[in-house]
Amino acid sequence: MGAFTKTRTINEGIQSVGRRRLNLKWEEVQKNIQEATFDRKFQYSCHIKLLQSEDLNNIFKYERGLGSFVDNHHVEIRKSNGTKKIIYAENIIIATGSKPRTLPNIQVDEQIIMTSDGVDHMTDFPKSMVIVGAGVIGCEYATMFSNFGKTKVYLIDRSDQILPFEDDDISDMISTNLKDNGVTIHSKAQLERLEVKDGEVEYELSYKDGSKEIIRVEKALLSVGRKLNIDGLNMEKAGVSLSKRGVHIGDLNTQTNIPNIYVVGDASGHISLVNVGELEGRYAVERIFKKNSSAINYNNICTIMFLQPEVASVGINEKKCIEDNIPIKVVKLDYSCIARAIAMRKTQGFFKIIVTDDKDMKILGMRAVGEHASSAIQGVGLLIKMDSHIHELAEMVHPHPSIIEGVQECVRMLLNKSIFKSSIFKDKLWCYRRKNGEIEHLQRL
8 MGAFTKTRTI
18 NEGIQSVGRR
28 RLNLKWEEVQ
38 KNIQEATFDR
48 KFQYSCHIKL
58 LQSEDLNNIF
68 KYERGLGSFV
78 DNHHVEIRKS
88 NGTKKIIYAE
98 NIIIATGSKP
108 RTLPNIQVDE
118 QIIMTSDGVD
128 HMTDFPKSMV
138 IVGAGVIGCE
148 YATMFSNFGK
158 TKVYLIDRSD
168 QILPFEDDDI
178 SDMISTNLKD
188 NGVTIHSKAQ
198 LERLEVKDGE
208 VEYELSYKDG
218 SKEIIRVEKA
228 LLSVGRKLNI
238 DGLNMEKAGV
248 SLSKRGVHIG
258 DLNTQTNIPN
268 IYVVGDASGH
278 ISLVNVGELE
288 GRYAVERIFK
298 KNSSAINYNN
308 ICTIMFLQPE
318 VASVGINEKK
328 CIEDNIPIKV
338 VKLDYSCIAR
348 AIAMRKTQGF
358 FKIIVTDDKD
368 MKILGMRAVG
378 EHASSAIQGV
388 GLLIKMDSHI
398 HELAEMVHPH
408 PSIIEGVQEC
418 VRMLLNKSIF
428 KSSIFKDKLW
438 CYRRKNGEIE
448 HLQRL
C-alpha cells in the first residue's frame with residue numbers, strides 16, 4: 008500500500024470537518040502508516056509461520072534473499088550474509104512486482120527529489136512540493152498533501168487534462184477540487200529541467216505558446232509510473248522472453264513461453280493493481296495444480312482512486328467507446344438526487360452507466376464519483392462478467408438509504424421508469440445515445 012491509501016482515515020477526518028484543517032504533525036501521520044503496515048505484515052507473518060508448521064507437513068518453506076534463475080527449474084538465492092543456495096522447483100511463479108519509474112536527466116536522491124519510496128522517509132511536511140505526473144498516483148498524492156493544508160502543491164500535467172485516460176467530467180471535477188484546495192496545476196506543460204539548487208528544487212516549464220516558467224519548491228515527487236522489478240533475475244538463463252511491457256505471457260493466462268514458469272502482478276507489465284495481482288496469482292496456482300479455473304476476465308476489474316471526491320470504476324468508459332466507435336447509451340445521475348448523499352451532506356459526485364445501444368442494453372462500464380463510490384460498483388462488475396444487461400440489474404432491490412440507490416435510479420432512467428425526468432432536472436440528469444460521433448439526448452418525460 009502507498010502512503011495515500013494508508014492515510015485515508017486521517018484524510019477523511021479532515022474532510023469530515025469541512026475545510027478546517029487538523030493540526031497534525033508528520034510524526035503522527037508516519038505513526039499511522041507504520042502501525043497499519045505492521046498490522047498487515049504481522050497477519051502475513053503469522054500465516055507463513057502456520058504454513059511452515061509440522062502439523063501441516065511443512066507444505067510451505069520460506070527463504071529470504073535475492074533470487075536469480077540458474078535455469079528454468081533452479082533458482083539461486085543470495086543471502087544477506089553472503090552465502091548462496093540453489094533450490095529446485097518443478098514450477099516457478101515470478102511475482103517480483105514493480106518499482107517507481109524515474110526520468111532521464113533527473114537525479115533522484117529520495118530526500119529532495121523523491122519517488123513514492125522517498126515519501127515514507129520524510130521527517131516533516133514540506134512547505135512546498137512539485138509533483139511530476141498527473142495520473143492516478145500523482146493526483147492522489149496531490150490530494151493527500153493538499154488536504155493536510157501544510158504544503159503548497161504544484162502538479163505538472165503535460166496533457167490537456169489530469170487523469171488523461173478518464174472521461175472529461177471526472178477529470179474536470181477532480182481538477183476543480185484540487186485547485187479549490189490550493190493546488191496549482193501546470194496544464195499542457197513540458198518539463199525542461201528539474202534539479203537541486205541551494206538545497207531546494209528548481210524546475211523549468213515551457214508551453215506551446217513559447218512562454219517559460221521557473222519555480223522553486225522545497226521538494227519534488229516523481230510520479231511517472233512504475234517499471235518492472237526484474238533486474239538481476241537473469242530470466243534469459245531460464246529462457247523466458249520479454250515483451251516491450253514486461254514478461255511475455257501470450258494470451259494473458261499468466262504462463263510464460265516456458266511452460267513451467269508463470270508471471271503475475273506488476274511483473275507482467277499488464278495491469279498494476281493489487282487485486283489483479285492476487286487474481287493472477289490464484290489463477291497461476293490453480294493452473295499448476297490442474298484445477299478447472301475459469302479464464303481471467305479483465306473486463307470487470309473494479310478500481311478505486313483515492314481522490315476528492317473518491318472515484319470508482321469498472322469496465323470501459325465513455326472515452327474508450329468513442330475511440331473504438333462503439334454505439335452506446337449513457338445515463339448519468341448527479342449525487343444530489345440520492346437520498347443518502349443528501350443526508351450525509353455530500354452531494355458532489357455522480358453515477359454514470361454505459362450500455363450497448365440495442366434492446367438488450369448490456370452493461371459495458373460504470374463510473375462512480377463521490378462519497379462511498381467504491382461501494383456501488385461491485386454488483387455492476389459481476390453483471391459485466393456475466394455479460395448481463397440492465398434488465399437484470401433493474402430487478403434488484405437496493406437498501407435505503409444507500410449510495411447504491413443511485414445505480415438503481417440510473418437503470419430506471421434507461422428504462423424510462425424513473426420518477427426523475429431529465430427534461431425537468433436538466434442539470435442533474437443526463438440520458439443520451441452516442442453513435443457515429445453524434446449525440447442524441449433521450450428526454451425522459
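The sequence shown begins at 8 in the working numbering and counts up by one.
Note that the Cβ used here is the ideal one computed from N, Cα and C, for glycine as well.
Computed from a predicted structure; not experimentally measured.
request  = Indicate the three-state DSSP secondary structure (helix, strand or coil) for Asp273 in the structure shown.
outcome  = Residue mapping note: residue 273 aligns to position 266 of the sequence shown, counting from 1. Reduced to three states, the DSSP call for Asp273 is helix.
ask   = Using the beta-carbon count (16 or more within 10 Å), is Ala96 buried or exposed?
value = To locate residue 96, count along the sequence shown from 1; it is residue 89. When all chains shown are included, Ala96 counts as exposed.
message = On the criterion of 16 or more Cβ atoms from any shown chain inside 10 Å, does Pro316 qualify as buried, or is it exposed?
response = Locating residue 316 in the sequence shown gives position 309, where the first residue counts as 1. Flag for Pro316 reads buried.
message = Pairs of beta-carbons, one from the stretch 78 to 92 and one from the stretch 206 to 220, closer than 8 Å: are there three or more?
response = no
request  = Throw me the rounded Cβ distance for the Val468 and Lys359 pair, which I believe falls under 8 Å.
outcome  = This structure does not reach residue 468, given that the chain is present from 8 up to 452, and the question cannot be answered.
key: Complete alpha helix (DSSP H) runs within the stretch 159 to 234 (minimum length 4 residues, chain order)   = 175 to 187
inquiry  = What does DSSP give as the partner residue(s) for Ala319 in the beta ladder?
reply    = Residue mapping note: residue 319 aligns to position 312 of the sequence shown, counting from 1. Answer is Ile311, Ala375, bridged to Ala319.
Residue from Val224, Gln197, Arg200, Ser194 whose Cα sits closest to the Cα of Val208 = For this step, residue 208 is matched to residue 201 along the sequence shown. Selected option, being the one with the closest Cα: Val224.
Closest Cα partner of Val247 within the set Val77, Leu390, Gly272 = Along the sequence shown, read from residue 1 onward, the residue named residue 247 stands at position 240. Considering only alpha carbons, the answer is Val77.
message = Check this for me: beta carbons of Tyr161 and Ser123, under 9 Å apart or not?
response = On the sequence shown, position 154 is the one that residue 161 refers to. On the sequence shown, position 116 is the one that residue 123 refers to. Contact flag unset, no.
message = Within 8 Å, do at least three Cβ pairs link the stretch 373 to 384 to the stretch 426 to 444?
response = no
key: Three-state class that DSSP yields for Lys298 in the structure shown   = Indexing the sequence shown from 1 puts residue 298 at position 291. Correct three-state label for Lys298: coil.
ask   = For Asp238, is the classification buried or exposed, using 16 other Cβ atoms within 10 angstroms of its Cβ as the cut-off for buried?
value = To locate residue 238, count along the sequence shown from 1; it is residue 231. Classification for Asp238: exposed.
request  = State buried or exposed for Phe45, treating a residue as buried only when at least 16 other CB atoms are found within 10 Å of its CB.
outcome  = Counted from its first residue, the sequence shown places residue 45 at position 38. It is exposed - the Cβ of Phe45 has fewer than 16 other Cβ atoms within 10 Å.
request  = Assign Glu454 to buried or exposed, taking buried as 16 or more other Cβ atoms, counted over all protein chains shown, within 10 Å of its Cβ.
outcome  = Missing from the structure shown is residue 454; the chain here goes from 8 to 452 and no further.
ask   = Run through DSSP, which three-state label would Gln114 get?
value = Locating residue 114 in the sequence shown gives position 107, where the first residue counts as 1. Three-state result, Gln114: coil.
inquiry  = Measuring straight from C-alpha to C-alpha, what distance separates Ser7 and Met121?
reply    = Nothing in the structure corresponds to residue 7, since the chain is present only between 8 and 452.
Simplified DSSP assignment, three categories, for Leu421 = The residue you call residue 421 lines up with position 414 of the sequence shown. Three-state DSSP puts Leu421 in a helix.
ask   = Name the DSSP bridge partner or partners of Gly356?
value = Sequence index remark: in the sequence shown, residue 356 carries index 349 (1-based). Answer is none; Gly356 lacks a bridge partner.
query = Between which two residues does the beta strand (DSSP E) harbouring Lys106 extend?
reply = In the sequence shown, the residue the question calls residue 106 occupies position 99. Lys106 -> beta strand (DSSP E) spans 105 to 107.
query = Closest to Ser343 by CA distance: which of Glu416, Pro107, Asn282 is it?
reply = As a first step, residue 343 must be located in the sequence shown, where it is residue number 336. The residue with the shortest Cα to Cα distance from Ser343 is Glu416.
key: Three-state class that DSSP yields for Asp279 in the structure shown   = Start at 1 with the first residue of the sequence shown, and residue 279 comes out as number 272. In the sequence under discussion, the amino acid at residue 279 is Ser, which differs from the Asp named in the question. Correct three-state label for Ser279: coil.
request  = Just mark Glu19 as buried or exposed, buried being the case when its beta carbon has 16 or more other beta carbons within 10 Å.
outcome  = As a working mapping, residue 19 is identified with position 12 in the sequence shown. Confidence at Glu19 is low in this model, with a pLDDT of 48, below 50, so the placement of that residue should be treated as unreliable; the coordinate-derived value is given next. Label assigned to Glu19: exposed.
request  = Using DSSP bridges, identify the partner residues of Tyr290.
outcome  = Indexing the sequence shown from 1 puts residue 290 at position 283. Its beta-bridge partners do not exist; DSSP assigns none.
key: Best match in Lys157, Asp179, Gly156, Lys159 for proximity to Asp167 [C-alpha to C-alpha]   = Counting from one through the sequence shown, the residue named residue 167 turns up at place 160. Asp167 has its Cα closest to that of Asp179, out of Lys157, Asp179, Gly156, Lys159.
Opposing strand residues paired with Glu445 [DSSP bridges] = Sequence index remark: in the sequence shown, residue 445 carries index 438 (1-based). Note: Glu445 sits in a beta bridge opposite Lys442.
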